[in-house]
Amino acid sequence: MKRHTRIVRVAHWLNALAFFGLAISGVAILLAHPRLYWGESGAVGMPSLIDLPLPFLLTGQSGWGRSLHFLSAWVAVFNGLLYFTGFRSGAMCGYGGLQRLAYSVVVFLLFPLMIWTGFAMSPAITSVAPVIVTALGGQQSARTIHFFAADALVLFLFGHVAMVWLTGFRKNMRAMVFG
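According to our numbering, the sequence shown is numbered sequentially starting from 6.
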């Protein structure tokens, strides 16, 4: 097995922590309002695009969830830059075609889409650059796209962990921890 550089290993585990923070806080945010809309606005009493089969916990969920989500997102963005600098040196050469495709979709499609839709939900950012949100059809459209892109990332994570397990958990963990 090809050795992973220290920067790739550190960035991998920082990304795992950031992903965990994003997943937990994303669920908290979603429980505060488990409905998805299309367009600019969406609120209780308005017709929704999708009503998710989750409990509606309006009180106490959104504040800490949004704070953790914001923090974890910035850790993920800066860590992604760190990871890319350590990974761009041909480290995917030993991967199969499907694996390269999956990682490319995550890195070049899903991550940028998550950042774009995350920015589109930020009133501070969209007040300066409204095209970020209008290109997506509105804040609620951005939230809906963000939700489905997050689902795709979770599916990727399950596939990633399954492949680590199927190709030798101990060997792969040793390589990602010790190089």
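All C-beta atoms, glycine included, are put in the ideal place defined by N, C-alpha and C.
Helix, strand or coil at residue i according to DSSP, with G and I counted as helix
| i | result |
| --- | --- |
| Leu41 | strand |
Classification of residue i by the beta-carbon crowding that lies within 10 angstroms, buried from 16 upward
| i | result |
| --- | --- |
| Thr122 | buried |
| Val13 | buried |
| Arg148 | buried |
CB contact flag (residue i, residue j, <7 Å)
| i | j | result |
| --- | --- | --- |
| Ala125 | Val111 | no |
| Trp43 | Leu35 | no |
| Gly142 | His9 | no |
| Asn84 | Leu19 | yes |
CB-CB length for residue i against residue j, believed under 8 Å
| i | j | result |
| --- | --- | --- |
| Ala129 | Gly70 | That pair is no contact at about 18 Å. |
| Ala167 | Leu115 | That belief does not hold up - the Cβ atoms of Ala167 and Leu115 are roughly 18 Å apart, past 8 Å. |
| Ser77 | Leu27 | 5 Å |
| Ala81 | Ala23 | 4 Å |
Rounded C-alpha distance that separates residue i from residue j
| i | j | result |
| --- | --- | --- |
| Ser30 | Ser146 | 20 Å |
| Val49 | Leu57 | 13 Å |
| Thr172 | Leu87 | 26 Å |
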